[in-house]
Structure formats: structure tokens, C-alpha cells
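Have a look at the structure below before the remarks.
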Amino acid sequence: MLRSIFRLMSIGMVFLLYFPGGALLHSQEKKKETKAEPPKVLQAIPPFISTGKAGKVLLRGKGLDQAKTVFLSGKEAKIIRKGKAGVPQGLSADKVGDTEVEFEVPASMGDKLTILVKGEAGESQGFDIPVLGGVLEEKEPNGGFRMAQEVKAPGILHGKIQSAQDVDVFQIVGAPGATVKLQIDSVKLGSALDPVLTLYDEKGKVLRFADDTAETRDPSISVKLPTNGKLYLVIQDAFDQGGDIYFYLLRFQ
13 MLRSIFRLMS IGMVFLLYFP GGALLHSQEK KKETKAEPPK VLQAIPPFIS
63 TGKAGKVLLR GKGLDQAKTV FLSGKEAKII RKGKAGVPQG LSADKVGDTE
113 VEFEVPASMG DKLTILVKGE AGESQGFDIP VLGGVLEEKE PNGGFRMAQE
163 VKAPGILHGK IQSAQDVDVF QIVGAPGATV KLQIDSVKLG SALDPVLTLY
213 DEKGKVLRFA DDTAETRDPS ISVKLPTNGK LYLVIQDAFD QGGDIYFYLL
263 RFQ
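Here it is, written out as C-alpha cells:
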């Protein structure tokens, strides 16, 4: 019995002498094995679905290139394409994603759709997209007071800061003396936009400025319209960046 034990020990010593890194290599290979994670949705472009209209939605996130099925409130959607996605300089994949999947959206009713993406490693958490009617689309160019896009309260507008150092300017029109609340949704939608709002009168004087608060990174402004019922709102990114993932919804009510 003892002779057998010594023989096994000798074999082990010979192995270590000839292959000293064998045990270490095996250990390192185990460490390299990482458990695959389920897909994660971080953004939807556009960040809403139009009531009663069919369309397409592009999701950005993690592991979406491995998507096998996309469900919209329990119903399977048709996948158009999927793959890797570039990450803009200065941003992280954990924030804006590095993969994407695009799919068809049927005409929808209700107030929201919950998206689930099923991949090889499991299913994503639910990602809600609002279903909205009567949403205005931003019209470019609108980078100055003379090119400002006119919008009337109440309403919702979908826009984006399309490139670095771009600004969007809107002329807010309403009843003289009426109080208007201007609310931008971007960070809460997963957008890369860090919005800053500045409100001007028709002579270019700054009336209000809104940035991050302790409660939210999506600022808002409430203001009483002047006697002519017109003001100018400027939207820009706090870091002067822009692109397709710098989108927002502007609510004026």
C-alpha cells in the first residue's frame, strides 16, 4: 500500500518537473471561463411608439446581438437585424450599450409596451416604451432664434442633439399670461443626452436656466408667457456632444 502511494507521489513530482505551469495554467483557464449573462436593454430609438401606427424600433444594450426572440407585451416581434454597435468616444458600453437589435412594431394602443429580449443566456428585464399620440418631430435646421421651430402648448416633441456643439431652439407660443411647464425626458429614457435648458425672451435675454437637480438629471422650467405669448427655449448637451443616441422628448403643458 505504502509503495503504491510513493509511486503516485513520484509520478506527480515528475509531472510538475516537466510541466511546472500545468496546474497554474489549468487554474487560469478556469478563471477565464465567465458565465454568460442575459441580454440587457438600455435604450430604445425612437423612445416611444406612435398610437395606432406600425413602425420599427432599435434597441441598444448588452448581449442584444445574441437575441433569439423579442417580445412586445407578450407577443413575438419580427427581428429585422442585430449585431454589434459602436460606442461613442467618452461613453461606456455599460451606459449606452455595444450591441443592438431592430424589430418591427405593429400598430399599438394603450399607454405602453413592455419589451423582453430572449437570448442564449436567458431573458432581459422588462423595458417599457410609452405609446403616445400626436408627437411632433423636431425639424432641422433649428440652431438659432431665426430658425427656431414653433411649438404650441400643450404638446410633446421628439428630437435629438444631432452632433457635437449642436443646439435645438424652439419658439414657445401660447396664450399671453398663461403658465407653461417645459419638461425634458432624456436620461430617464436611457439617452446619452445630459440636457441643459435655457429660456430667453424675444430680445435674447436669459429668463431661466435649468440643469441637474438633487432629484433628477432631466430638468424642467415653469414660466408665465409674456404679453406677446412667445418665448425661446434652447436645448443642448452639458458636454456639447451629440448623435443618434442623444435623443429626448420635450413636454410643454
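With positions in the sequence shown counted from 1, the corresponding number in the working numbering is that position plus 12. Even for Gly, the Cβ is constructed at its ideal location relative to N, Cα and C. Just so it is clear, the structure is predicted and the values come from calculations on it, not from any experiment.
(request) Using three-state DSSP, classify Leu201 as helix, strand or coil. (result) Walking along the sequence shown from the start, residue 201 turns up at place 189. Reduced to three states, the DSSP call for Leu201 is helix.
(request) Could you check which residue in Ser232, Phe115 and Pro58 has the C-alpha nearest to that of Glu150? (result) Numbered from 1 along the sequence shown, position 138 holds the residue referred to as residue 150. Nearest of Ser232, Phe115 and Pro58 to Glu150, Cα basis: Pro58.
(request) Measure the alpha-carbon distance for Val181 versus Thr81 and round it to whole angstroms. (result) Here residue 181 is taken as the residue at index 169 of the sequence shown, counted from 1. Here residue 81 is taken as the residue at index 69 of the sequence shown, counted from 1. Each residue's alpha carbon lies about 40 Å from the other.
(message) Can you tell me which residues form a DSSP beta bridge with Gly95?
(response) Locating residue 95 in the sequence shown gives position 83, counting from the first residue. Gly95 is bridged to Glu112.
(request) Could you pull out every unbroken beta strand (DSSP E) segment of at least 3 residues lying fully inside the segment 218 to 245, listed in chain order? (result) 218 to 222 and 232 to 236
(message) Using C-beta distances below 6 Å, list every residue in its chain close to Phe83, excluding the 5 sequence neighbours before and after it, in chain order.
(response) The sequence position of residue 83 within the sequence shown is 71, counting from 1. The answer, listed in chain order, is Leu128.
(request) Closer than 7 Å by C-beta to Leu10: which residues in its own chain qualify, once you throw out the five before and the five after it? Chain order, please. (result) Because residue 10 is not part of the residues shown, which for the chain are 13 to 265, the question remains open.
(request) Count the other CB atoms, across all protein chains shown, that sit within 10 Å of the CB of Ser175; report buried if there are 16 or more and exposed otherwise. (result) On the sequence shown, position 163 is the one that residue 175 refers to. Looking at its Cβ environment, which holds fewer than 16 other Cβ atoms inside 10 Å, Ser175 is exposed.
(message) Within a Cβ cutoff of 6 Å, which residues of the same chain sit near Pro118, ignoring the five residues on either side of it in sequence?
(response) Position 106 of the sequence shown, counting from 1, holds the residue named residue 118. Excluding residues within five positions, the ones whose Cβ falls inside 6 Å are Ala66.
(request) Assign Gln6 to one of three DSSP states: helix, strand, or coil. (result) With the chain running from 13 to 265 in the structure shown, residue 6 is simply not present.
(request) Taking 7 Å as the cut-off, decide whether the C-beta atoms of Lys94 and Ala105 are in contact. (result) As a first step, residue 94 must be located in the sequence shown, where it is residue number 82. As a first step, residue 105 must be located in the sequence shown, where it is residue number 93. No; because the gap between Cβ atoms is not below 7 Å, this pair is not in contact.
(request) State whether the segment 197 to 216 contacts the segment 235 to 255, with contact taken as three or more CB pairs (one from each stretch) at a distance under 8 Å. (result) yes
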